[in-house]
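Novice: Have a look at the structure that comes next, please.
In the numbering used here, the protein residues as written are 19 to 124.
If you want it as structure tokens, here you go:
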């Protein structure tokens with residue numbers, strides 16, 4: 019079993035934490051794939067090829083979103099902070115600071 023996603027011995031981690039780590043790794047991989055598709059599409063001259071890549075990009079967006087939602091459902095503090103940032107208008111940093119302060123009581 020690969021252990022590069024763990025910072026502690028996997029055998030010492032509860033199953034829930036190992037699942038969480040796997041989902042975090044999957045989320046990072048989806049984000050990386052999204053970046054790759056955006057770059058490829060930016061330089062691809064063939065319209066049909068770009069259309070296929072766009073379809074693939076949509077799949078990556080879907081997977082990223084599903085993994086993020088899984089993690090947010092399992093991590094109430096993360097979800098509380100995210101609620102104050104995601105899908106809002108205005109200053110992202112300001113929303114982030116306010117959301118974190120409210121969620122943590124700081």
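Positions of the beta carbon are idealized from the N, C-alpha and C atoms, including for glycine. None of the values given here were measured: they were computed from a predicted structure.
Beta-carbon within less than 7 Å of residue 55's beta-carbon, same chain only, minus the 5 sequence neighbours each way: which residues are those?
Specialist: Only 71, 74, 75, 78 meet the Cβ criterion.
Novice: Can you grab the Cα-Cα spacing for the pair residue 60 / residue 30, in whole Å?
Specialist: If you take the alpha carbons of residue 60 and residue 30, they lie about 45 Å apart.
Novice: Mind reading off the beta-carbon distance from residue 102 to residue 113? Whole number of angstroms is fine, and I expect it under 8 Å.
Specialist: Indeed they touch by this definition, with Cβ atoms about 6 Å apart.
Novice: With a 10 Å radius around its C-beta and 16 neighbouring C-beta atoms as the bar for buried, classify residue 48 as buried or exposed.
Specialist: Per the 10 Å Cβ criterion, buried.
Novice: Counting only the same chain and skipping the five closest in sequence on each side, list residues whose C-beta sits under 8 Å from that of residue 45.
Specialist: If we look at residue 45 and ignore the five residues flanking it on each side, its Cβ neighbours are 82, 85, 86, 89.
Novice: Does DSSP put residue 53 in a helix, in a strand, or in coil?
Specialist: Three-state result, residue 53: helix.
Novice: By Cβ distance, which residues of its chain are closer than 8 Å to residue 106, with the 5 residues on each side in sequence left out?
Specialist: Correct list, in chain order: 113.
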